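S.K.: For reference, the structure I am asking about is given below.
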Amino acid sequence: MNAPFMLRALAELLLLAVLAGPVSTFVLIRRLGFVADTVTHTVFPGVVIGFLAGGAGGVFPGALVAAALTAVLLTLLTRAQRVTDDTALAVLLAAMFAVGVVLVSRRTTYRADLTAFLFGRLLAVTPAQLAQTAVVGLLVLAALGLLAKELRLRAFDPQAAAAMGYRVWALDLVLNLSIAFVVVAAAQSVGTILVVALLVLPAATGRLLSDRLAVITAVGVLAAAAAGYLGLAVSYRASVTYGLRLAGGATVVLTLVALYLLALLVARFIAPLTARFVARFGRPGRDADAVA
Numbered sequence: 002m003n004a005p006f007m008l009r010a011l012a013e014l015l016l017l018a019v020l021a022g023p024v025s026t027f028v029l030i031r032r033l034g035f036v037a038d039t040v041t042h043t044v045f046p047g048v049v050i051g052f053l054a055g056g057a058g059g060v061f062p063g064a065l066v067a068a069a070l071t072a073v074l075l076t077l078l079t080r081a082q083r084v085t086d087d088t089a090l091a092v093l094l095a096a097m098f099a100v101g102v103v104l105v106s107r108r109t110t111y112r113a114d115l116t117a118f119l120f121g122r123l124l125a126v127t128p129a130q131l132a133q134t135a136v137v138g139l140l141v142l143a144a145l146g147l148l149a150k151e152l153r154l155r156a157f158d159p160q161a162a163a164a165m166g167y168r169v170w171a172l173d174l175v176l177n178l179s180i181a182f183v184v185v186a187a188a189q190s191v192g193t194i195l196v197v198a199l200l201v202l203p204a205a206t207g208r209l210l211s212d213r214l215a216v217i218t219a220v221g222v223l224a225a226a227a228a229g230y231l232g233l234a235v236s237y238r239a240s241v242t243y244g245l246r247l248a249g250g251a252t253v254v255l256t257l258v259a260l261y262l263l264a265l266l267v268a269r270f271i272a273p274l275t276a277r278f279v280a281r282f283g284r285p286g287r288d289a290d291a292v293a
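According to our numbering, the stretch in the sequence shown is residues 2 to 293, in order.
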């Protein structure tokens, strides 16, 4: 785990944990899991065009442009009263992913590189990619921090947000852009297909243990960070010690799923038993203290 490429991979995962925790909380309360899944596919034509224009170095800016375009189009389409959110998502997913497939079908020389973008190359993270993730993370966290109250109001009472003078469509655009940028930031390490787990599972894990948004976010960050470290360690140990090759990004995601199931076990069985124990044996002591 002390190899430079392992340390870079771990740094990338920790950056993504700090970024995915807050964003996944808003994905949870707005029920935007399908949006996250859609964006992971709509960035594909941007990846192809970016690769055609600038090689491997053009993949990130190409994906960033496609993600931003998806967020803008999604916000505009969902403003129309006759277009439902599901319809808008389906149209964008079908159209943009089809464009990417058409572009790929015309060339065969770079399919391996694009496949790596879909599934990720966690152990091949470069210092430049770390810098890109850090910049994207700072921008997203700054936007969410400045608009946290407004975004929460929009999530729980959009009519009140509109009545108070907030531009609901602008808040939707900020959140859609945040989701899109997380997808782009994580795509080259864990892959676009697996990045949806980082946008759903951290907050879902926190929600099992608490109803408070701050706690949900904190637990989400910790769960994503722990899954990053443990998943990376497992894949490394399996490859070095046992000769069993495990994809780093996929192993991290499976570890995050395991943490979610553990939190589900705690919430379903352990927490109720603890509450019953406290209710049965804790009250007499408190009553005696009160009498004393």
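Every residue, glycine too, gets a C-beta built ideally from N, C-alpha and C. Values in this document were obtained by computation on a predicted structure and should not be read as measured data.
#1: Quick one: residues in its chain with C-beta nearer than 6 Å to the C-beta of His42, no 5 flanking neighbours on either side, listed in chain order?
#2: Which same chain residues end up closer than 7 Å to Ala198 when comparing Cβ atoms and leaving out the 5 residues on each side of it in sequence?
#3: Quick one: residues in its chain with C-beta nearer than 6 Å to the C-beta of Ala224, no 5 flanking neighbours on either side, listed in chain order?
#4: Indicate whether Arg155 and Leu172 have their beta-carbon atoms separated by less than 8 Å.
#5: Please report the Cβ distance between Gly232 and Ser190, rounded to the nearest whole angstrom; I am assuming they are in contact, meaning their Cβ atoms lie under 8 Å.
#6: Just to confirm before moving on: does the CB-CB distance between Thr39 and Leu90 stay below 8 Å?
#7: How would you label Ser106, buried or exposed, when you count the other beta carbons within 10 angstroms and need 16 or more for buried?
#8: Between the beta-carbon of Leu178 and the beta-carbon of Ala264, is there less than 8 Å?
#9: Tell me the DSSP secondary structure of Asp87 in three-state form.
#10: Does DSSP put Ile194 in a helix, in a strand, or in coil?
#11: Which two residues bound the contiguous alpha helix (DSSP H) that contains Phe6?
#12: For Thr218 and Val136, what's the separation of their Cα atoms in angstroms?
#13: Any idea what DSSP makes of Met97, helix, strand or coil?
#14: Suppose only complete runs of 4+ residues qualify. What are the alpha helix (DSSP H) ranges in the stretch 150-203, listed by chain order?
#15: What's the C-alpha gap between Leu131 and Ile50?
#16: On the CB-based measure, 16 or more other CB atoms within 10 Å of its CB, does Arg281 come out buried or exposed?
#17: Is the CB-CB distance between Ala18 and Gly229 below 8 Å?
#18: Name the two residues that bound the continuous alpha helix (DSSP H) containing Phe45.
#19: Can you check whether the CB of Tyr243 is closer than 8 Å to the CB of Met7?
#20: Can you give the Cα-Cα distance for Arg287 and Arg277, rounded to whole angstroms?
M.R.: Inspection of the coordinates gives the following:
#1: For the purposes of this step, residue 42 is taken as residue 41 along the sequence shown, with counting starting at 1. Answer for His42: Leu94 and Phe98, listed in chain order.
#2: To locate residue 198, count along the sequence shown from 1; it is residue 197. Hits under 7 Å: Val254 and Leu257.
#3: Numbered from 1 along the sequence shown, position 223 holds the residue referred to as residue 224. Closer than 6 Å at Cβ, skipping near neighbours: Pro203, Thr206 and Leu260.
#4: For the purposes of this step, residue 155 is identified with residue 154 of the sequence shown, where counting begins at 1. For the purposes of this step, residue 172 is identified with residue 171 of the sequence shown, where counting begins at 1. It is a contact, given that the beta carbons lie within the stated cut-off.
#5: Against the sequence shown, residue 232 aligns to sequence position 231. Against the sequence shown, residue 190 aligns to sequence position 189. Not really, about 12 Å apart at Cβ, beyond 8 Å.
#6: As a working note, residue 39 is residue 38 in the sequence shown. As a working note, residue 90 is residue 89 in the sequence shown. The answer is yes: Cβ separation under 8 Å.
#7: Position 105 of the sequence shown, counted from the first residue, corresponds to residue 106. Per the 10 Å Cβ criterion, exposed.
#8: The count along the sequence shown starts at 1 and reaches residue 178 at position 177. The count along the sequence shown starts at 1 and reaches residue 264 at position 263. In this structure, Ala264 does not lie closer than 8 Å to Leu178 by Cβ.
#9: Against the sequence shown, residue 87 aligns to sequence position 86. Helix, per DSSP.
#10: Within the sequence shown, the letter at position 193 stands for residue 194. In this structure, Ile194 counts as coil in the three-state DSSP scheme.
#11: To locate residue 6, count along the sequence shown from 1; it is residue 5. Phe6 -> alpha helix (DSSP H) spans Pro5 to Arg31.
#12: As a first step, residue 218 is located in the sequence shown; it is residue number 217 there, counting from the start. As a first step, residue 136 is located in the sequence shown; it is residue number 135 there, counting from the start. Going by the C-alpha atoms only, they are around 21 Å apart.
#13: Numbered from its first residue, the sequence shown carries residue 97 at position 96. In this structure, Met97 counts as helix in the three-state DSSP scheme.
#14: 159-164 and 169-191
#15: Residue 131 sits at position 130 when you count from the first residue of the sequence shown. Residue 50 sits at position 49 when you count from the first residue of the sequence shown. In a straight line, the C-alpha of Leu131 is about 22 Å away from that of Ile50.
#16: Mapped onto the sequence shown, residue 281 falls at position 280. Exposed, by the Cβ-count rule.
#17: For the purposes of this step, residue 18 is identified with residue 17 of the sequence shown, where counting begins at 1. For the purposes of this step, residue 229 is identified with residue 228 of the sequence shown, where counting begins at 1. In this structure, Gly229 lies closer than 8 Å to Ala18 by Cβ.
#18: Numbered from 1 along the sequence shown, position 44 holds the residue referred to as residue 45. Per DSSP, Phe45 belongs to the alpha helix (DSSP H) from Phe45 to Gly55.
#19: To locate residue 7, count along the sequence shown from 1; it is residue 6. To locate residue 243, count along the sequence shown from 1; it is residue 242. Their beta carbons are not under 8 Å apart, which means Met7 does not touch Tyr243 by this criterion.
#20: Working through the sequence shown from its first residue, we reach residue 287 at position 286. Working through the sequence shown from its first residue, we reach residue 277 at position 276. Confidence is the limiting factor: at Arg287 the pLDDT is only 47, short of 50, which leaves the residue's position unreliable, though a coordinate-based value still follows. About 15 Å.
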